[in-house]
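This report refers to the structure that appears directly beneath it.
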Amino acid sequence: MERSEILKKLNEIFVDVMDLDDDFELNEDMSADDIEEWDSLSHIQLMKAIEGTFGIKFTAKEVLDWEDIHDCVDSIEAKL
14 MERSEILKKL NEIFVDVMDL DDDFELNEDM SADDIEEWDS LSHIQLMKAI
64 EGTFGIKFTA KEVLDWEDIH DCVDSIEAKL
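Using this note's numbering, read the sequence shown as starting at 14 and increasing by one per residue.
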């Protein structure tokens with residue numbers, strides 16, 4: 014799966030989990046600081062949704078090492 018496809022699926026997950034506007038556009042430079050709705054509870058919901066959608070599992074260390082969406086996409090890409 015290409016990065017652009019991963020990012021598109023992530024965008025759909027973010028819109029669904031955080032109840033964002035349909036025109037929301039996620040990019041790889043974004044972090045939790047850029048999205049008001051991204052708090053600790055939604056972070057857990059995001060991880061579960063990402064794991065379920067892509068059929069993968071993350072370690073706590075992997076998730077804690079992420080600084081932005083780019084790092085998240087890197088982790089997903091490495092597990093596919």
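Positions of the beta carbon are idealized from the N, C-alpha and C atoms, including for glycine.
Counted within 10 angstroms of its Cβ, other Cβ atoms place residue i as buried (16 or more) or exposed
i, result
"F37", "exposed"
"I57", "exposed"
"L20", "buried"
Reference residue i, options the options, closest by Cα
i, options, result
"F67", "I57, E90, E80 and D42", "E90"
"W51", "K70, V28, G65 and D35", "V28"
"D32", "M14, I48 and I69", "I48"
"K70", "L93, D35, K22 and W79", "L93"
Three-state class that DSSP yields for residue i in the structure shown
i, result
"N40", "coil"
"E80", "coil"
"I48", "coil"
"I26", "helix"
Minimum Cβ-Cβ distance from residue i to chain B less than 9 Å
i, result
"H56", "Protein chain content of the structure displayed is limited to a single chain, and chain B is not contained in it."
Chain-order list of residues whose beta-carbon lies under 8 Å from that of residue i (same chain, five-residue window excluded)
i, result
"I26", "L59, A62, I63 and T66"
"V30", "S55, Q58, L59 and A62"
Span separating the alpha-carbon of residue i from that of residue j
i, j, result
"R16", "D87", "8 Å"
"C85", "L39", "12 Å"
"D46", "T72", "22 Å"
"D42", "S53", "19 Å"
Neighbourhood of residue i by C-beta, 7 Å cutoff - its chain only, sequence neighbours within 5 removed
i, result
"V76", "M60"
Spatial neighbours of residue i in its chain, beta-carbon cut-off 6 Å, leaving aside the 5 residues before and after
i, result
"S44", "D81"
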